[in-house]
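A short worksheet on the structure shown next.
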Amino acid sequence: MHIEKKMVEWRQYLHQNPEIEFSGNLTSDFIAKKLDEFGIEVHRNIGKTGLVGVLKCGSNDRSIGLRADFDAIPVQEENVFEYRSQNAGMMHGCGHDGHTSMLLGAAYELSRSRDFDGTVYFIFQPAEEQGTGAPAMIADGLFTRWQIDSVYAMHNLPGLPLGHVETSPSSVMAAENHFKIEIKAAGGHAAMPHLGSDPIPVGAAIVTALQTIITRELSSIGEPAVLSVTNFETNGGANVIPTRVTLSGDMRCFTDEAQAKLQTTMERVIAGQCQSAGLEYCFEFSNCVLSTVNSEQEAAVAVRIAEKIVGAENVNGQCSPYCISEDFSFMQREAPSCYLLIGNGAKGHKGGVALHMPTYDFNDDLLPIGLKFWTALVKDQLASQTCFV
Ligand SMILES: [Zn+2]
Ligand SMILES: [Zn+2]
Numbered sequence: 001m002h003i004e005k006k007m008v009e010w011r012q013y014l015h016q017n018p019e020i021e022f023s024g025n026l027t028s029d030f031i032a033k034k035l036d037e038f039g040i041e042v043h044r045n046i047g048k049t050g051l052v053g054v055l056k057c058g059s060n061d062r063s064i065g066l067r068a069d070f071d072a073i074p075v076q077e078e079n080v081f082e083y084r085s086q087n088a089g090m091m092h093g094c095g096h097d098g099h100t101s102m103l104l105g106a107a108y109e110l111s112r113s114r115d116f117d118g119t120v121y122f123i124f125q126p127a128e129e130q131g132t133g134a135p136a137m138i139a140d141g142l143f144t145r146w147q148i149d150s151v152y153a154m155h156n157l158p159g160l161p162l163g164h165v166e167t168s169p170s171s172v173m174a175a176e177n178h179f180k181i182e183i184k185a186a187g188g189h190a191a192m193p194h195l196g197s198d199p200i201p202v203g204a205a206i207v208t209a210l211q212t213i214i215t216r217e218l219s220s221i222g223e224p225a226v227l228s229v230t231n232f233e234t235n236g237g238a239n240v241i242p243t244r245v246t247l248s249g250d251m252r253c254f255t256d257e258a259q260a261k262l263q264t265t266m267e268r269v270i271a272g273q274c275q276s277a278g279l280e281y282c283f284e285f286s287n288c289v290l291s292t293v294n295s296e297q298e299a300a301v302a303v304r305i306a307e308k309i310v311g312a313e314n315v316n317g318q319c320s321p322y323c324i325s326e327d328f329s330f331m332q333r334e335a336p337s338c339y340l341l342i343g344n345g346a347k348g349h350k351g352g353v354a355l356h357m358p359t360y361d362f363n364d365d366l367l368p369i370g371l372k373f374w375t376a377l378v379k380d381q382l383a384s385q386t387c388f389v
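Quick note on numbering: full-length UniProt numbering labels position 223 of the sequence shown as 223, and the sequence is numbered without any gaps.
Here you go:
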């Protein structure tokens, strides 16, 4: 089998048959069938449609986990090439079809060469886009059924030249938090506000006051965060003072410490504003995804391997964090880890269309680079003499 050609075939098949969230039964079947063909032990239903391939070689008890996501996004594809999505309203607009093919390619190569000593866990994850796939796999025992010493993940990034690698020894991506604030008041007649109580000035003051948290409570050096109130809703009318204001929004930051501090401070600010007006409030804060924070040692390993594969001049091991988010962050709380971004193609070139755009496509030229990275990483971390089975 010519693996480079096969990976393109698999990638385009997956692209044509996208499935979203946890509904990836066909995709999951496809991956399971391939792993089985390669002689790799397959464990299914780890996080619903998620699956883990286990390849053990030699006698060493060291191990490594490699994670690829396989879900698509709910977007109508606008590409016109032959392998475009056949499922209305769904497309592989984030390149998870490519991530899956690269990892399958590595699984094939490693199952043939078997030149390592230890266990490789091939982790295929659904529902990354919702931030729920990784927690579901963890809840189903990903890190308790198996001893995974370290775990790695790779995501393509359009706008970055093909094969260029970006990672960091600390934060790579933000935590995503959503909040909802409900302010309750007596309401009243617009012409006689003094007879009731008005939640609107309080809501407006909260919108402004929340912004001061970012500039007054966090260090301007090294503690970036962004808070956006994205919705301001009331039940008032032109001459009716509302009884309710609901504010909701999104807050992103880069460390667990900043997140805890921001949550507490937000509540303090909201409580203060409401108290000064004598109004009641309700504050809901939910952490959708934790911040993606690499372990220093694993990041150094990833950088060293990437330099071997694509050349030191194409690797930035100290990248600034990106404000997007990833649920790989949940796996990072379970084992030492590294998440890296790999260029899908510069803007204006093949692979340069931004993620989640209806005309995005994973660059097939990246497949062999990803495969080489995964196999070199395994052989480095589980190095030994060739083992025979
Ligand atoms: Zn993605
Ligand atoms: Zn995405």
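Think of the CB as a built atom: it goes at the ideal place given N, C-alpha and C, for glycine as much as any other residue.
Keep in mind the model is a prediction, meaning the values are calculated, not measured.
Considering only residues of the region 129-160, which uninterrupted beta strand (DSSP E) runs meet the minimum length of 3 residues and lie entirely inside it, listed in chain order? 151-158
DSSP beta-bridge partners of S286: Residue mapping note: residue 286 aligns to position 286 of the sequence shown, counting from 1. Partner(s): H178.
Around ligand 1, which residues pass a check of Cβ closer than 7 Å to any of its heavy atoms? D69, C94, G95, H96, E128, E129, H155 and L355
Comparing the C-beta of T215 with each C-beta of chain C, is any distance below 8 Å? The chain inventory of the structure shown lacks chain C, comprising one protein chain alone.
If distances are taken between C-alpha atoms only, which option among V269, L382, I324 and S320 comes closest to V165? The residue you call residue 165 lines up with position 165 of the sequence shown. Closest by alpha carbon: S320.
Any non-hydrogen atom of ligand 2 within 7 Å of I73 CB: Here the question's residue 73 lines up with position 73 in the sequence shown. At least one heavy atom of ligand 2 is nearer than 7 Å to the Cβ of I73, so yes.
Please go through the region 324-358 and give each complete alpha helix (DSSP H) segment of 4 or more residues, from N-terminal end onward. Fully enclosed alpha helix (DSSP H) runs of 4 or longer: 328-332.
In three-state terms, what does DSSP make of K48? Within the sequence shown, numbered from 1, the residue matching residue 48 stands at position 48. Here K48 sits in coil by DSSP.
On the CB-based measure, 16 or more other CB atoms within 10 Å of its CB, does F81 come out buried or exposed? Here the question's residue 81 lines up with position 81 in the sequence shown. Exposed, by the Cβ-count rule.
Evaluate contact between the region 135-146 and the region 74-88, counting only Cβ atoms and requiring at least three cross-stretch pairs below 8 Å. Taking a cut-off of 8 Å on C-beta distances, the region 135-146 does not touch the region 74-88, as fewer than three cross pairs fall below it.
Contact between the region 253-261 and the region 159-175 is defined here as three or more beta-carbon pairs at a separation below 8 Å; is this criterion met? yes
Please go through the same chain and pick out, in chain order, the residues whose beta-carbon is closer than 7 Å to the beta-carbon of K48, but skip the five residues on each side of it. Locating residue 48 in the sequence shown gives position 48, where the first residue counts as 1. Only F22, P126 and A136 meet the Cβ criterion.
Candidates S171, I40 and V315: closest to S113 by CA position: Translated into the one-based positions of the sequence shown, residue 113 becomes position 113. Among S171, I40 and V315, the Cα nearest to that of S113 is on I40.
Exposed or buried, H2, counting other C-beta atoms within 10 Å across all chains shown (16 or more means buried)? In the sequence shown, the residue the question calls residue 2 occupies position 2. By the neighbour-count rule (16 or more Cβ atoms within 10 Å), H2 is not buried but exposed.
Pairs of beta-carbons, one from the region 145-164 and one from the region 351-364, closer than 8 Å: are there three or more? Cβ pair count under 8 Å is three or more, so yes.
Identify whether R268 lies in helix, strand or coil by the three-state DSSP scheme. Counting from one through the sequence shown, the residue named residue 268 turns up at place 268. Helix at R268.
Which residues mark the beginning and the end of the alpha helix (DSSP H) in which R112 is found? As a position in the sequence shown, residue 112 is number 112, starting the count at 1. Unbroken alpha helix (DSSP H) run through R112: H96 to S113.
Just reading off the beta strand (DSSP E) that R252 is part of, what are its end residues? As a position in the sequence shown, residue 252 is number 252, starting the count at 1. Under the DSSP assignment, R252 falls in the beta strand (DSSP E) whose first and last residues are R244 to C253.
So, do the region 234-246 and the region 194-205 have three or more beta carbon pairs nearer to each other than 8 Å? The region 234-246 vs the region 194-205: in contact.
Separation of E296 from Y322, as counted between CA atoms: As a first step, residue 322 is located in the sequence shown; it is residue number 322 there, counting from the start. As a first step, residue 296 is located in the sequence shown; it is residue number 296 there, counting from the start. Between Y322 and E296, the C-alpha separation is close to 18 Å.
Suppose you measure from the CA of I64 to the CA of G343; what does that come to, to the nearest Å? Here residue 64 is taken as the residue at index 64 of the sequence shown, counted from 1. Here residue 343 is taken as the residue at index 343 of the sequence shown, counted from 1. In this structure, the straight-line span from the alpha carbon of I64 to that of G343 is close to 24 Å.
Taking 8 Å as the cut-off, decide whether the C-beta atoms of M102 and W374 are in contact. Looking up residue 102 in the sequence shown gives position 102. Looking up residue 374 in the sequence shown gives position 374. With contacts defined by Cβ atoms closer than 8 Å, M102 and W374 form a contacting pair.
Flag this pair as yes or no: are the beta carbons of A205 and Q130 separated by less than 8 Å? What you label residue 205 is simply residue 205 of the sequence shown in a count that begins at 1. What you label residue 130 is simply residue 130 of the sequence shown in a count that begins at 1. Not in contact: A205 and Q130 (Cβ atoms no closer than 8 Å).
Whose C-beta lies closer than 6 Å to the C-beta of Q259 among residues of the same chain, with five residues either side of it excluded? Translated into positions along the sequence shown, residue 259 becomes position 259. Closer than 6 Å at Cβ, skipping near neighbours: A175 and C253.
Report the CB separation of V52 from Y152 in whole angstroms; it is logged as a contact under 8 Å. Walking along the sequence shown from the start, residue 52 turns up at place 52. Walking along the sequence shown from the start, residue 152 turns up at place 152. Wrong, their Cβ atoms sit about 15 Å apart, outside the cutoff.
V303 and V315 - do their beta-carbons sit closer together than 8 Å? Taking the first residue of the sequence shown as position 1, residue 315 is located at position 315. Taking the first residue of the sequence shown as position 1, residue 303 is located at position 303. For the 8 Å CB-CB criterion, V315 and V303 form a contact.
According to DSSP, is D364 part of a helix, a strand, or is it coil? For the purposes of this step, residue 364 is identified with residue 364 of the sequence shown, where counting begins at 1. D364: helix per DSSP, three-state reduction.
Contact test: S113 Cβ vs ligand 3 heavy atom, cutoff 7 Å: This structure lacks ligand 3; the ligands present are ligand 1 and ligand 2.
Assign E19 to one of three DSSP states: helix, strand, or coil. As a first step, residue 19 must be located in the sequence shown, where it is residue number 19. In this structure, E19 counts as coil in the three-state DSSP scheme.
Buried or exposed, going by whether 16 or more other CB atoms sit within 10 Å of the CB of V226? Position 226 of the sequence shown, counted from the start, is the residue given in the question as residue 226. Exposed.
Thinking C-beta only, is A383 closer than 8 Å to I309? One-based indexing of the sequence shown puts residue 309 at position 309. One-based indexing of the sequence shown puts residue 383 at position 383. In this structure, A383 does not lie closer than 8 Å to I309 by Cβ.
I'd like the list of long-range same chain contacts for F330, defined as Cβ closer than 7 Å, with 5 residues on each side in sequence excluded. Locating residue 330 in the sequence shown gives position 330, counting from the first residue. Only A134, P135, I138 and L290 meet the Cβ criterion.
Ordered along the chain, which non-local residues of its own chain (more than five positions away) have a Cβ less than 6 Å from that of A277? Taking the sequence shown and counting its residues from 1, one reaches residue 277 at position 277. Answer for A277: V202, listed in chain order.
Measure the C-alpha to C-alpha separation of F285 and Q16 and round it to an integer number of angstroms. Residue mapping note: residue 285 aligns to position 285 of the sequence shown, counting from 1. Residue mapping note: residue 16 aligns to position 16 of the sequence shown, counting from 1. When rounded, the distance between both Cα atoms is 38 Å.
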